[in-house]
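Plus 348 on top of the position in the sequence shown (first one is 1) and you've got the numbering used here.
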Amino acid sequence: MSSNYKIRYLFENADTLIMEIQRLDLRDDADISQIYHWLYFDRLTSSMVKLWFRSMDSSAEIEERYFEQGYLKFSDTEATFIEKYNSSQHRLINHSRKECSEETRELISEYLKQPN
349 MSSNYKIRYL FENADTLIME IQRLDLRDDA DISQIYHWLY FDRLTSSMVK
399 LWFRSMDSSA EIEERYFEQG YLKFSDTEAT FIEKYNSSQH RLINHSRKEC
449 SEETRELISE YLKQPN
């Protein structure tokens, strides 16, 4: 894995990949929005979108993240992403503890090359 980022969360199914990455190559005083990035990749259209983080909630078994584009609810094994206005719902598997694929590493590398 590249030394300039760490994958904190990784959720996927055949059509969708959602992940949170932590940039490790920034100064200690960098803004938190520059350090942590939630990304949504649609495999059907090959499009990557940055999810705009709004808030979070946590309990012993369930984590929740709220974004401008929708809502993510997850446990240690699975996740559900509900797009804004309930336009689509995605059931995902939590692969956060597994090594990511070469495809995923390439997606992250291409994302990090983009200007902020």
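Where a beta carbon is used, it is the ideal one built from N, C-alpha and C, also for glycine.
All of these numbers come straight from a predicted model, not from anything done at the bench.
| task | Go to Ile-383, then tell me how far its alpha helix (DSSP H) extends in each direction, as first and last residue. | result | The count along the sequence shown starts at 1 and reaches residue 383 at position 35. From DSSP, the alpha helix (DSSP H) with Ile-383 extends over 380 to 383.
| With DSSP run on the structure shown, which of helix, strand or coil describes Asn-442? | To locate residue 442, count along the sequence shown from 1; it is residue 94. If DSSP states are grouped into helix, strand and coil, Asn-442 belongs with the strands.
| query | Going by DSSP, which residues form a beta bridge with Thr-364? | reply | Counted from its first residue, the sequence shown places residue 364 at position 16. For Thr-364, which the question treats as bridged, DSSP gives the partners Asp-390.
| field | Beta-carbon contacts of Asp-373 that lie in its chain and below 7 Å, excluding the five residues immediately before and after | value | Locating residue 373 in the sequence shown gives position 25, counting from the first residue. These residues qualify, in order along the chain: Asn-352.
| query | Around the C-beta of Leu-440, are 16 or more other C-beta atoms found within 10 angstroms, so that it is buried, or is it exposed? | reply | By 1-based counting over the sequence shown, the position of residue 440 is 92. Buried, because 16 or more other Cβ atoms sit within 10 Å of the Cβ of Leu-440.
| field | Ser-407, DSSP secondary structure in three states | value | Position 59 of the sequence shown holds residue 407. Residue state, collapsed to three classes: coil.
| task | Label Met-367 either buried or exposed according to how many other C-beta atoms from any shown protein chain fall within 10 Å of its C-beta, with 16 as the threshold for buried. | result | Taking the first residue of the sequence shown as position 1, residue 367 is located at position 19. Burial call: buried.
| field | Whole-Å CB distance - Arg-413 paired with Met-404, under 8 Å assumed | value | By one-based count along the sequence shown, residue 413 stands at place 65. By one-based count along the sequence shown, residue 404 stands at place 56. Going by Cβ atoms, the distance from Arg-413 to Met-404 rounds to 5 Å, so yes, they are a contact pair.
| query | Per DSSP, Tyr-414 forms a beta bridge with which residues? | reply | As a working note, residue 414 is residue 66 in the sequence shown. Per DSSP, Ser-403 and Tyr-419.
| said: Going by beta-carbon coordinates alone, are Trp-386 and Phe-429 separated by less than 8 Å? | reply: Here residue 386 is taken as the residue at index 38 of the sequence shown, counted from 1. Here residue 429 is taken as the residue at index 81 of the sequence shown, counted from 1. No; because the gap between Cβ atoms is not below 8 Å, this pair is not in contact.
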